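Going down the list, the protein sequences come from chains E and S.
Each residue of the first sequence is one higher than the last, beginning at 1 in the UniProt record's numbering.
Each residue of the second sequence is one higher than the last, beginning at 1 in the UniProt record's numbering.
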Amino acid sequence: MSQVANLRSYNPALKKFFDKLPRFNYGKSQLKNPEACQLLLDKLNLKPQYNSANLDIIDATPGFGLFSSMLNHELRPRNHILIDCHDETIKRWNTQIKTLHSTTGNKENFKFVDRDPFSWATYSNLYKHELLPPTKQQSYDKMHDELLVVANWTGTKDEAIIAQWIKCCSHRNWLMKFGKVRMILFMPSSTAMKFLSEPGFRKRNRTALRRDLYTDSKLIAIGEESDVLGEGYDPRVLVRDQPMVIDKAAFIRNAAVAIVELSPGKHTSDAIANIDHLLSTFFVTGATLREQLPKIAAGAEYLVKLLPDEILDKKAGEFTTDDILKISHAYEQWPFKPSVEETFDIGEEAIR
Amino acid sequence: MLGLNRSLLQKCARARLQLKAKSAIREHTSIATNPGSSTIPTPSLFASRFLQPLKEINNTRDNLVVNSANKITSSSYLDLLPDAYEIEESDRENKHYTSKTDDVTRKPYEREINYLRNMLESFSAESFFERTFQILKSLSKLVNQEELTQFGNRSLEAITRDPSMKPEAVKKVIKQMEEFCKFKPDERTEAIVLKSVVQNGGDLNAYFANLKDRRSIKKILRNTDVIGADNMFQIFDSKDIDISCIPGELMEVYKNYKLNQQDGEVVEDTIKLQQNIEINALDKENLDELLPVDSFGLKVVRHSLLGLKPNPELAVHFTSEIEEIVADLGEETRKEIKDGKLNYHDIYKRLQTDEQRTTYDEALEAFNMERQRQIEIRGIEGAKEKWKHDFEEAQKRGDLNLNKSMNAQCYDWYQKLIPLIEKEHELCKALLNDEKVESKDDITTAKERAFYAPFLIKVGADKAAVITILELLKLNASGGTYGGMRAAKAVESVGRAIEQEFRSSNLANQEYKMSVSRKVAGSSQMKNIVRKSIDSLEEEDPEWDRATRTRVGGVLISFLMAIAKVKVRKQTSNGPIEDYHPAFYHGMQFLGGQRFGVIKVHNEIFKHLSGTSFIETIQPQSLPMLVKPRPWESFYGGTGLYSKSPLVRMKDAPETEAYVKAAAKRGNLQEVFDGLNVLGTTAWTINKKVFDVISHYWNKGDEFLTIPPVLESAKFPPKLSPDADPSERFDHAKATIKAVREFSSSRSQRCDYNYKLEIARGFIGEKLYFPHNLDFRGRAYPISPHLNHLGGDLTRSLFLFWEGKELGERGLEWLKVQLANVYGVDKAPISERIQFATDHIEEAIKSAKDPLNHKWWTKAEKPWQALSVCFELAEAYALPDPTKFVSYLPVHQDGTCNGLQHYAALGGDIEGANQVNLNPSDRPQDVYTFVSKLVQNRVNADAEKGHDIAIFFKDKIKRKVVKQTVMTNVYGVTFVGALAQIKKQVAQHFGEDQDGHIYTKYLTKQVFESIRELFENAHLIQDWLGEAAKRISKSVSLDYGETSNNQVELHSSAVIWTTPLGLPCVQPYRVNKHHSVKTSVQDVLISNPSGTSTIDSRKQQAGFPPNFIHSLDATHMLMTATNCGESGLQFASVHDSFWTHAANIDAMNEILREQFVRLHTQNLVQILRDEFVERYQRSYQILHIPLTHELTHKIKAIKKQWATSIKRAVTITDELYMERKRLEMLQSNNPEEVEAAKRMETTISVVDGYNPYEFCQPIKRKAYDILAPIQFPEVPPKGQFDVRKVKDSHYFFS
DNA sequence: TTATTGTCTACCGACAATATCAATACGTACATC
DNA sequence: CGTGTACGTATTGATATAAGTAATAGACAATAA
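This is how it looks when you write it as structure tokens:
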């Protein structure tokens, strides 16, 4: 690590903290290699897009914080909120910030928040408790340039959170209510493979379709987990986004990680609200829409009359955003369509 | 950067993986062949002799050929490979379950055998001979010769049922069976031939001419169940038969017959009638013709239930009997009876003398016997007739909208369904005949069809159609999923119902054997002999396996879904539009990301379900019985005339089944039977007065007390704005779920109540019985599922005893106590409860007089039962002397926290015994209040010390807060579970709070400690039970690895104990493997039940303490039942609530206390321990002892020695094997071997002399694992409480 | 072998996940020695 | 004639599904290192 100090985004003031790796990783994978972080930051190329003086960063689950600190050093934000609630991490960051206070006067503007990054309330409280100044509402036509969200959701159960944050893009609520806020998300590679896949790819699922409709996304980087590069990802995504490959050794825990950039897209949830529930039924089997129709509601065969063959003969995984909008539109025309509540499927467990 | 193409990626990946696999294998082998150090001493002579086979085991195990017999159950008949099933003789022998010390065995390959037997039956009955041979040949590989002969005979019997099977053909079949299947005929086989000679047109004389040996004729004729009654008489007529051919049991009939021989006048036998009896449920004209209009009691009979048409002769007979009995009654009563104003129970109530009642009961019983028979035989026909009737009525009215009448709708579906099923039957038969039928819209492959074809064809298309519709409607009513039912459950249920139908038609066949078509002397005697012979057959028909049921059900349901439509209308801007939507459709629902299949019911159908009368459509087994159930005397029995129920309910627990069967066979269960028979012979009737009130509120459709309202749709929360915060969205989703849940549960509850009430309505005035059976711990449950006295308040209020008992002084008091109890005043002394009733007697009487307006009763804790008591009291007080009132109401005596009572008796805690009323006291004690006080004390003490949370709770702990936790403590509730309970209470009493959980946590701790303090010894026992279960469930049997082929898992010992009445209880918790089965609807997951799969140790441990206690309370109940029965008391129970007439409560209380004392004066836990020590003597425990211990070194040395010898690492199987050999040798006759065995050391034998339980470590870390003989901790000492005091404790049950 | 992570949490009556695809295992036809 | 190879099919095993994971604590099984 001799040349580490020479890296552009490396904050020398924190060097001593990153020499030693953390004892626990709390089920998350993270980057431990400064060079890799630097390359990632290069690839992200965020600097030109933000103005340090107005930029607030919300950084969920920074872990031991190498990437966070380098991102910080790169962008020099007005506020950099770190949210984590694991003992080791809390201790580590508190001492780090203390050290910074005495060395740089914390010009890095780190603020550590000892709350659960999983909880929605944590974020609203940032504003409530004035840890952050109110974020300006901006247009959804261009990237929000005063707020950046970074999060590490690489745990085994974190996929749900990614799915939910995608839903937030569709509803334009939560932090997404401020505008087209960029999220840099570390997620399990298997999650990225599913959620980022394009129509027709084997792993394409309902959330991938939602992502397609409601967000703009880009695969920034992938961990080198197998010897076949990009194995498991939709090749079209690899070709389109040209993600960088991060060396296996650069990770703590494992390299089954993808780094994805996500922001709210042009559609919102009402685009297909009427059939959102029914989509799960479509994705159950590999049968065509024509075959699936009777399963969504009694008498839904009727829709055959309203849809072109080319869509009817598609499988759920092959739907494009256009297709799904057309299906939604057709459904709207159906006189016997059940109400949204009636299509609310609830499992037995929930009934007890 | 990454110009990658997909297929390339995948190819690379594949190549890489293959590489990995290869290297893994290499590594593995190099480890395996690595011998230990070379400086090890060689084992002793004997030891090395035993080690020899181990070397081979190693070699054969790696390339062990899995016998393809294991695959039988996952193959259709097309894929059977009889030649591949080679099973060693030793692997065909019966094996033991958990313990060799119990004489309870299992048959290896039982599932496979049963599967094959079912197919054998089917192919034989349908005369597919080639297939029959194929199956029999497969069977020949799995079973011994004796069984093979038995199965072959079974097959032949089925074959000869076909009248076109001439004797020669039968003989040819037998010949082929011998040739291909190693079948060996016996006398029974010959009897079958004989039957075919008589029945299917052979020359009897020629037959006997060839058979000169009298003795063998005798042997053949002994098989009366094969030959049948009618045929036997024909044989008697044969000139070749003389007395020397007649076996002993037939001698008398024979002589009798020959003596009175007369020309056979051909008559219709009643039993023959049964088979094809055409019962038109609604056609009463026939009856009217037969019964003169003024015949006494015609209307009485007409009153009968379920639209049954009574047998005219019997009806006439019955009514004339009634006429005779009531002759002495007043003119007015007789008129009432004659006018049909009185139902059967009303009449019974009017009778004045015991003699009248006895005669009446006898007459009714005889009449009901016939009705019961009709109900059972009619089965599903009743449903069809009802549908048809309603359909035709609707047509007559010109009413084309079938939606209005569910039944008419069903008939429409039924008619449309039949052709589909018929078509499928054709396809199945074609397949079985190897005919190729091309059908363009037949998407089912031959392979798939082959799985269900042999079974589907067993039930006719029309019956299958009815069953399918009925099951789907029934399941839907059973609630659960929102607007539908689990598809997996539905397909299996339909399959099961089909199987059941097939079985009951088989039973009818058996009946046929008993029929005699001529009026001859001795015919009834002959029938009895045949019946006895049939009953003595031990073999049972194997059940269809679940995969088969599922497949059969799947086919039928998919047909129904295809044709069942419902008409829908909708108003649109262009006027009303109409469409036909499927009534049932299949879909998926998601639960925690897992999906499951659902059959949804169209809302239009769903709406009508809770208002439809189903009583005609309920299977007879699901109804209460009209006659006394057959008394229990073996494992199967106890129920209706034509159906069998197992003594113990089992969900996939072959071991439980085997143990109970064995006990039944040994005759150990007589006392259990006795108790159950008392429960079964308690006669009930429906409380019409209460029923009418319920009915009134039910029909109003509003929510009232426990009656849920009729709801049109769920009350959904208001819509959310699209940009609502995620947490708001979450709450909204929760609220929606809650709304759906409430709606759904209200609807399914209404469906459920509808069933109950409809049945109750049908049974008003009838005398009914509930046959009972047991769960695996011995607790008794009524078999009829819908309506029984175990239900909630409303259901319980519907029941009265059939018999009445004059109250007397005490009875009146107890009746009052009953009122207080159900009203909620159940914690006061008896005198206060009586006072309560006396104080409120006016209210009660008014409630009874005008229940709709005077609502005092509705405020009771159990309002419906309160109303029921009100009616009773009002009637009593209408008499000049209420004590003279004849009461029919069951009065309850409930154990106060019965589980704790048993624990307290076992543990002998004095304070505990006081608190659950084991100790006499002038006030009833309430354990919940007491615990809450203990908690209070603790909290207050902490508060003194300035504990914040304690100060908050100071003097605020109510009974309610601790109640659930105290109750569930008996069931082994954990801290987390209790936390959840108390949290609910805290939220209710103190409001929700941000960090309420800190408070909850504190309080839970206090509650737990308080309970432990109060029931200290009881808890030691609970712990002891848990520890014993833990050791058992984690033990290893000495016989592990004995059978190489049949997969017995390492930890496979279940906790087994015997109740004081001799019922063996086997905890059925195992980890069952699953596999999925493709059906036409969806794939269905099916578990493979096994008595040898790995034990679910966690459940075994957690379940044992409560299960043991429940087995004791069940024992107590059965003992009490038996004694009450002997004392002539009517008795009923709901586990720990015992019921009898008010007048008999004192007597019952005495009995139940006596029995409790009798039960607990033995040291039950010590007995249990002794039983465990005996049963698990061949079990060993894996213990972790310190690495440094001397024993560790010894065992390591032995293992090293062995490892060198066998050139591989020593496994646990090897250790057990060596020990087994050593122990075998010790028992040897050869003194040399015994001597050697004494000198021989095994890793287990060296443990002898140590007590490793003393120095073993709980954790595996830094420890060495050894095998040690299982030991059980000493039983904790009892406290001071003397259980005999219970005899004087008036509040023990109250 | 040891350390970490994940699972489960009150008994019985009572009742349960499926669809798909890749990889392996198995079987058969065919070719070539 | 046997053997090896290629190809086709049945079986097995892994993975995805949805999308708040409440929160508590302690034992135990499974998995990773």
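From the three backbone atoms N, C-alpha and C, an ideal C-beta is built for every residue, glycine too.
Keep in mind the model is a prediction, meaning the values are calculated, not measured.
Check, Outcome
"Threshold first: 4 residues or longer. Then list the alpha helix (DSSP H) segments lying entirely within the segment 255-316 of chain E, N to C.", "276-282, 289-296, 309-312"
"If you draw a straight line from the C-alpha of V173 (chain S) to the C-alpha of E130 (chain S), how long is it?", "10 angstroms"
"Alpha carbon to alpha carbon, how far is A461 (chain S) from D1083 (chain S)? Give it in angstroms, no decimals.", "24 angstroms"
"Please compile the residues from chain S whose C-beta is within a distance smaller than 8 angstroms of the C-beta of C168 (chain E).", "P726"
"Could you list the residues in the segment 331-345 of chain E with a C-beta less than 7 angstroms from some C-beta on chain S, going in chain order?", "P335, F336, E341, F344, D345"
"With a cut-off of 8 angstroms, do at least 3 Cβ pairs link the segment 26-44 of chain E to the segment 237-255 of chain E?", "yes"
"Give a yes or no on whether 7 angstroms exceeds the smallest Cβ distance from H329 (chain E) to chain S.", "no"
"For E1027 (chain S), which option in S:A1102, S:A158, S:L900, S:I1212 has the closest C-alpha, if you only look at C-alpha atoms?", "S:A1102"
"Would you please verify whether the beta carbon of V149 (chain E) is less than 7 angstroms from any beta carbon of chain S?", "no"
"Excluding sequence positions up to five away, which residues of its chain have a Cβ less than 6 angstroms from the Cβ of A662 (chain S)?", "V104"
"Strictly under 7 angstroms for the Cβ-Cβ distance: is F716 (chain S) near chain E by that measure?", "yes"
"Which bits of chain S does H277 (chain E) rub up against, with CB to CB less than 9 angstroms?", "Those within 9 angstroms of H277 (chain E) in chain S number zero; the least Cβ separation is about 10 angstroms."
"Could you compute how far the alpha carbon of A298 (chain E) sits from the alpha carbon of Y585 (chain S)?", "7 angstroms"
"Quick check: what's the CA-CA separation for L221 (chain S) versus P247 (chain S)?", "7 angstroms"
"Please classify N34 (chain S) as buried or exposed, where buried requires at least 16 neighbouring CB atoms within 10 angstroms.", "At N34 (chain S) the pLDDT is 36, less than 50, meaning the model places this residue with poor confidence; the figure from the coordinates comes in the next sentence. Exposed is the call here."
"Spatial neighbours of N11 (chain E) within its chain, please: CB distance less than 8 angstroms, with the 5 preceding and 5 following residues excluded, ordered by chain position.", "S69, M70, N72, H73, E108"
"CA-CA distance, E424 (chain S) and V491 (chain S)?", "17 angstroms"
"Here's the rule: buried if 16 or more other CB atoms are within 10 angstroms of the residue's CB, otherwise exposed. What is Y127 (chain E)?", "exposed"
"Within the chosen definition, does the segment 135-143 of chain E reach the segment 742-761 of chain S through at least 3 CB pairs nearer than 8 angstroms?", "no"
"Is DSSP giving E231 (chain E) helix, strand or coil here?", "coil"
"Is it the case that the segment 760-779 of chain S contacts the segment 1104-1113 of chain S, given that we only count it when at least three CB pairs across the two stretches are under 8 angstroms?", "yes"
"Determine whether the beta carbon atoms of L844 (chain S) and L873 (chain S) lie at a separation below 7 angstroms.", "Before going further, note that residue 844 (chain S) is Ala rather than Leu in the sequence given. Contact flag set, yes."
"Please say whether G484 (chain S) and V598 (chain S) have beta carbons closer to each other than 7 angstroms?", "yes"
"In its own chain, which residues sit with a C-beta less than 7 angstroms from the C-beta of L798 (chain S), not counting the 5 before and 5 after it?", "I686, N687, V690, F691, A760"
"How would you label H101 (chain E), buried or exposed, when you count the other beta carbons within 10 angstroms and need 16 or more for buried?", "exposed"
"With distance defined between alpha-carbon atoms, name the residue in E:L238, E:F112, E:L303 nearest to V228 (chain E).", "E:L238"
"If the criterion is Cβ atoms closer than 7 angstroms, does the pair T883 (chain S) and L934 (chain S) meet it?", "no"
"Show which residues of chain E have a CB atom less than 7 angstroms away from the CB atom of H586 (chain S).", "K295"
"Quick one: residues in its chain with C-beta nearer than 7 angstroms to the C-beta of residue 1297 (chain S), no 5 flanking neighbours on either side, listed in chain order?", "Residue coverage of chain S in this structure runs from 1 to 1294, which leaves residue 1297 (chain S) outside it and unanswerable."
"Output the boundary residues of the alpha helix (DSSP H) element that contains M232 (chain S).", "229-237"
"DSSP on D56 (chain E), reduced to helix/strand/coil?", "strand"
"Measuring CA to CA, which of E:I311, E:P338, E:I324 is closest to A300 (chain E)?", "E:P338"
"In three-state DSSP terms, what is W1057 (chain S)?", "strand"
"Considering Cα atoms alone, identify which of S:G1125, S:W387, S:I347, S:S1228 is closest to F673 (chain S).", "S:G1125"
"Where are the beta strand (DSSP E) runs, 3 residues long or more, that stay fully inside the segment 1176-1201 of chain S, in chain order?", "1179-1186"
"What are the complete beta strand (DSSP E) segments, minimum 3 residues, inside the segment 1075-1162 of chain S?", "1083-1088, 1137-1141"
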